[in-house]
Each structure stands twice: as C-alpha cells, then as structure tokens.
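Some notes on the structure that comes next.
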Amino acid sequence: MEELSKSTKRSNVAYIIEAMLEYFIALAVSGTYLTHVMTYIEIPSSVQGVINSIISLGCGFQFLSIVCPIKKAVKRTIIILHSISQILFSFVFFVPLFSFPFEVRVSAFILSLGPAYIIHNYINAPKIAWCMSHVNDSVRGKFTANKEIVSLLGGMAFSFSLGALIDFLEAGKMIEIAFTIIGGLIVLICIGHTISLIFVDEKANINEDKPKVSLISLLKNKQLMKVIPIFIVWDIAHYVTISFAAAYQNNTLGFTPLAMTLISVGGSLVRILFSRPLGKFADKYSFIKMLTVCFISHTLGFITIIFTVPIIGYPAYILYSVFSQIGNVGIASSQINLIYDYVQPHERSGAFAFSRMFSGFAGFFATLAVSPLYDLIGDSGLSIGGGFVLYPLPVMGAISAVIMIALLIYIYFGFLKKKKKAPEATAENSDNNA
Numbered sequence: 059m060e061e062l063s064k065s066t067k068r069s070n071v072a073y074i075i076e077a078m079l080e081y082f083i084a085l086a087v088s089g090t091y092l093t094h095v096m097t098y099i100e101i102p103s104s105v106q107g108v109i110n111s112i113i114s115l116g117c118g119f120q121f122l123s124i125v126c127p128i129k130k131a132v133k134r135t136i137i138i139l140h141s142i143s144q145i146l147f148s149f150v151f152f153v154p155l156f157s158f159p160f161e162v163r164v165s166a167f168i169l170s171l172g173p174a175y176i177i178h179n180y181i182n183a184p185k186i187a188w189c190m191s192h193v194n195d196s197v198r199g200k201f202t203a204n205k206e207i208v209s210l211l212g213g214m215a216f217s218f219s220l221g222a223l224i225d226f227l228e229a230g231k232m233i234e235i236a237f238t239i240i241g242g243l244i245v246l247i248c249i250g251h252t253i254s255l256i257f258v259d260e261k262a263n264i265n266e267d268k269p270k271v272s273l274i275s276l277l278k279n280k281q282l283m284k285v286i287p288i289f290i291v292w293d294i295a296h297y298v299t300i301s302f303a304a305a306y307q308n309n310t311l312g313f314t315p316l317a318m319t320l321i322s323v324g325g326s327l328v329r330i331l332f333s334r335p336l337g338k339f340a341d342k343y344s345f346i347k348m349l350t351v352c353f354i355s356h357t358l359g360f361i362t363i364i365f366t367v368p369i370i371g372y373p374a375y376i377l378y379s380v381f382s383q384i385g386n387v388g389i390a391s392s393q394i395n396l397i398y399d400y401v402q403p404h405e406r407s408g409a410f411a412f413s414r415m416f417s418g419f420a421g422f423f424a425t426l427a428v429s430p431l432y433d434l435i436g437d438s439g440l441s442i443g444g445g446f447v448l449y450p451l452p453v454m455g456a457i458s459a460v461i462m463i464a465l466l467i468y469i470y471f472g473f474l475k476k477k478k479k480a481p482e483a484t485a486e487n488s489d490n491n492a
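If you read the sequence shown in our numbering, its first letter stands for residue 59, the second for the next number, and so on.
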C-alpha cells in the first residue's frame, strides 16, 4: 500500500473530527432535544412529526448542488455556509426563551430550522466529494467505518452528558436554562467544526476536462437508476415511523429525557459493535448483500414497534432500538459506496445529491401523508372496543414493515438473484483513476 502524504493524513484526520462534531450538532437538533423544544412551545405531536420530517425535505434541496454547483472556492464557500447553518440551528434553542405569541414562536422555530437544513443539505454532497477526494477508493469502506465509530463514541458521551443535564434542569423547573446551554454548545461546536474543515486541504480540480454533470446524464445511467429506488423506498419506510418516534416516547410511553438518551447511547454501542463485522461482510461479499442484512434488521425493528405499547414500553422500544441500530450500520455507507461504484469520480457529488433529492422529498411527503392518521389516533391511543387500544406509532411501524418487505423483494429480484451471472462493470473498476 502506498505511503500517504502528510496532506492526505491531515485531511483524513480533520475529516473524521469534522464528522464527529457535525454529528454532535445533528444529535442536538433532532430527536429528544428538539422534541423538548417543540413540546415546550406547545406544538401538537402530529405537527412535530411533520417538522421532524423537514430533515427529509431538506435532503431534497441537495438538488441545488446539481443545478447550482459550487465551482470555485469550494472550501471557503462550504465553510461559510456550514457556519451559517449551524448558527441557525443554535437559534432554534433560543426561540423558547422569548415571550412571543404562539404563532410567532412557531414561525421563528420553523424559519430557523428549515433554512438551516436547506443550507446543510445544499453543501452536503460537495463537502463529501471534497473530503472523500483524499480517501483512496480501495479503502473507502474501512475509512467510513472508522469515521462512523469515532462519531458514535463521541456521540455517546455527548448524548449522555446532555441528557443527564437536561433531566437535572427539567426536574428543577429550569428547562429554559437547558435550552440556553444547548444553544451555546452548538455555537462552540460550530467554531471547532469550522477549524476542522480549515485543516482539510482543497484539492485542485482534477476533473476540469470532464463533461458537465447534468440531470440527463445521471438519468441515462441505468445502474444508478436501479440503485436510487432502494433509498427512495427506504426513506419512505424510515420516516413514516422515525418522524414520530421521539414524540411517542415522550408523550405516550412517558420516557424521561435521561431514559431516552440512555436508549440512544445503548443503540450507538450496538452500532459500534456491529460496524466492523458488517464492514468485513461487505468487503467479502458486496455492499448490496450487507445492505440486505441491514434492511432485514430494520424490518424486524418495525415489526417490534407494532407491539410497543405503554405496558411494555421500555423492553419493546429497547429491542426496536437494537434492531434499528444494527440496520443503521450499513445504510449510510452503502448509499455512498453503491452510488460511487456506479458513476465516474467527477459525477459522484451530483449523483449523491440526485439520490438524496428524490429520497428526501419522498420521505417528507410520506410523513405528511400519514401525519393525519397519527393525529387521528392521538397520543393516548384510540379505543376500538373490547378494551383494546390502538396506539399511533405501532400503526406507523406496521406501514413501515410492509414497505420494507416490498423493498427486500425488489432487492432480491433486482440484484441478488442476478449475482449468479457475471458482474457488470462498475465506474470504480472501469475508471478507477479518473
């Protein structure tokens, strides 16, 4: 294996640190902590689910990186836009501190969270392409696994500390102080995140002589068009349930913030334990087979959600968390690596954005479609006679499970069954040095 240059080593280490710090912010502005803000300003649970899916809708704005690509001063532009996005994220936690009318606070909340995610997703694909340009194609799987492990270990400590702090302050009727601390922490993390990006070198544009990437050229890539539906359907199944999970834990199952954090930390530990074994499985067999294993685990998780009701809330939700975190091990890395395998290097940023655009919008509109059903059933459940109570998240889990079974059938007939034939050439082995 060739010796890495000092520039490459420094850039790779800086990228790993950047990913960890970005993960800290992602944890702070989603799930438990975001739910507490929305509950504090009295946003209904059904609306909370829609707002949570803004994350998914934001992914759709990766489309902008195709039609309005960052061509010059990539490093400087990404650093500036990232900082703006993260400052907006911090403002989300300052909104509850103002004594404005309900409508004003909700509007301020959405106008902070929405643009923050839009900017974040606009720069996501070019940032990944820039940072991953320092990683040799032959070790992409190993590098992304190591990067994820570092992020998860740091995220466990961050989540546990923050959850314990919020629990303590909430018990003392000081939740507004907790919001102030989280907002301030995001600002400090933003500073560290900016510094880490500064240490990632900006490579010269080695693809200047390559043809311009367009939607048409991406649409003509038949292999890419086979891969993208996998992640579109996955995001639909995922967001139908996960968009309401935090609200269900808080409002129906009655989990405390510390309990929610401990479940999250435990799930991260499970994800770390399975990360390397599944990474080796992918190297030996293929990313599509690893992805199949991950999807099967997620399907089992959604089936578990069907039985997650208040009387067995903790054990059932913990079991769901285990299944889902095993499934999460390979999904993000598979999306990057499968797409990167089927396109030329100069097309990678556009192809990844293209995939996230469609799956992002699909996830958002799926959440929007099932939100009225969640609202109809309500946090307390819907009594349907005979002493039986129908709870909202189990219904969402059933919908997700059916979708996942259909997706597994597609993967089997579209990919796994054809493995008996000679493998088709991919972009990686046809133009590895482009």
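Virtual Cβ for every residue (Gly too), placed ideally from N, Cα, C.
- Here L440 is bridged, per DSSP, to L448.
- In the structure shown, I101 adopts coil according to DSSP, grouped into three states.
- Residue Y432 holds the alpha-carbon nearest to the alpha-carbon of V298 among Y432, H178, L79, A174.
- Here the alpha carbons of M454 and P368 stand approximately 16 Å from one another.
- Of all alpha-carbon atoms in D437, E76, T425, the one lying nearest the alpha-carbon of S254 is that of E76.
- Fully enclosed alpha helix (DSSP H) runs of no fewer than 4 residues occupy 345–364 of the region 328–364, in order along the chain.
- Residue state for L311 is assigned as coil, using DSSP reduced to three classes.
- Just measuring C-alpha positions, the residue of Y398, K347, D437 sitting nearest A303 is D437.
- Non-local beta-carbon contacts of V153 in its own chain, meaning distances under 6 Å to residues more than five positions away in sequence, involve R163, A166, F167 in chain order.
- Contact annotation: Q106 and A305 have beta-carbon atoms nearer than 8 Å.
- Taking the Cα positions, F422 is about 10 Å away from F416.
- Taking 8 Å as the upper bound for CB-CB distance, L316 and A222 are in contact here, some 6 Å apart.
- Between the alpha carbons of Y81 and P184 lies a distance of about 18 Å.
- Per the coordinates, the alpha-carbon of M78 lies some 46 Å from the alpha-carbon of I442.
- For V95, the CB contacts under 8 Å within the same chain, skipping 5 residues up- and downstream, are V150, F151, V153, P154, F167, F237 in chain order.
- Put simply, the region 96–105 does not touch the region 283–300. Fewer than three CB pairs are less than 8 Å apart.
- Rounded to whole angstroms, the separation of the alpha carbons of V401 and I274 is 14 Å.
- F412 is positioned such that its CB atom lies closer than 8 Å to that of I124.
- By the C-beta criterion, the region 372–382 is judged not to be in contact with the region 336–351, since fewer than 3 inter-stretch pairs fall below 8 Å.
- DSSP places I128 in the coil class of the three-state scheme, outside both helix and strand.
- At the C-beta level, I300 and I83 stay beyond 8 Å of one another.
- If only complete runs of 4 or more residues are kept, the region 118–206 shows the alpha helix (DSSP H) at 122–125, 132–150, 160–190, in order along the chain.
- Taken atom to atom, the span from the alpha-carbon of H178 to that of F446 is near 44 Å.
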